[in-house]
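In our numbering, the protein residues as written are 715 to 795.
Where is the CB? At the ideal position from N, CA and C, for every residue including glycine.
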């Protein structure tokens, strides 16, 4: 499963919202910290059923390449706060 986050810069730090999970957001002082915070936020926002589906997808894809839990940051300029 792939998630897309829209990144915003505000007062020298960053925050992002996950497009596929309304209300799921994270912040960080730099992009590395933001990525770590987004992974944690996504895990907190996913329901038990969604976690189970991700695991099932991974097991079904054992013989092919599959990205799980990846975050794709929005391309282009950062969205102004």
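- Item | Complete beta strand (DSSP E) runs within the segment 719–764 (minimum length 3 residues, chain order) | The qualifying runs are 727–732, 739–742.
- Message: So, for residue 745: in the same chain, excluding its five sequence neighbours on each side, which residues have a beta-carbon less than 7 Å away from its beta-carbon?
- Response: If we look at residue 745 and ignore the five residues flanking it on each side, its Cβ neighbours are 728.
- Item | DSSP-derived helix/strand/coil call for residue 788 | Low per-residue confidence applies at residue 788: pLDDT is 46, beneath 50, and the placement is therefore not dependable, though the value from the model is reported in the following sentence. Three-state result, residue 788: coil.
- Message: In whole angstroms, give me the CA-to-CA distance for residue 723 and residue 749.
- Response: Rounded to whole angstroms, residue 723 to residue 749 spans 14 Å at the Cα level.
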